[in-house]
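Please read the structure below before turning to the comments.
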C-alpha cells in the first residue's frame, strides 16, 4: 500500500513537471528566435561597420569605427545569452530524464503495489 501511495505521488509530481517542461520548451523556442534575430543584427552591424572602415572617406571611417565598437559591445551580451541558453537546454534535458523516470517508476509502483526496479527480463525485451 505504501508503494502505491509513493507511486501516486511520483505520478502527480511527474505530470506537473512535464507540464512545466512544456512551458519551458515554448518559452525557450521564442527566446531562441529572439536570440537568432540579435545575432543577425550584430553580425549585420559589424559587417556594415567593417565596410565603412574600409571605405576611402574620412567620415565613413569615423562612423565605421563607432559602429564597430557598438557591434563589439553588443556581441558580449549575445554571447552570454548563447551560453545561458545552452546551459538551460542541458538543464531541460536533465529535467526531462528525471520526469520520465518519476512517471515510469510511479506507474510501475502504483500498478504492482511494491517497490521494484526493472528486471533483466524486462530490460531484455526492451529494444531501441
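In the working numbering, the protein residues as written are 1 to 128. Heads up, the beta-carbon is just placed ideally off N, CA and C, and yes, glycines get one too. Just so it is clear, the structure is predicted and the values come from calculations on it, not from any experiment.
By Cβ distance, which residues of its chain are closer than 6 Å to residue i, with the 5 residues on each side in sequence left out?
i	result
residue 70	none
residue 99	14, 17, 18
Is the distance from the Cβ of residue i to the Cβ of residue j below 8 Å?
i	j	result
residue 45	residue 81	no
residue 21	residue 96	yes
residue 60	residue 68	no
residue 24	residue 92	yes
Would you tell me roughly how many angstroms separate the C-alpha atoms of residue i and residue j, rounded to the nearest one?
i	j	result
residue 89	residue 18	15 Å
residue 111	residue 4	7 Å
residue 66	residue 72	10 Å
residue 28	residue 48	30 Å
residue 56	residue 43	22 Å
residue 78	residue 86	12 Å
residue 132	residue 120	No statement about residue 132 is possible, as the shown extent of the chain runs from 1 to 128 and does not include it.
Could you pull out every residue in the same chain whose Cβ sits closer than 8 Å to the Cβ of residue i, ignoring the five residues on either side in sequence?
i	result
residue 107	7, 11
residue 54	64
residue 103	10, 11, 14, 15, 18
My parser needs the alpha helix (DSSP H) runs of 4 or more residues fully inside the stretch 83 to 127; what are they? Qualifying alpha helix (DSSP H) stretches, in chain order: 120 to 124.
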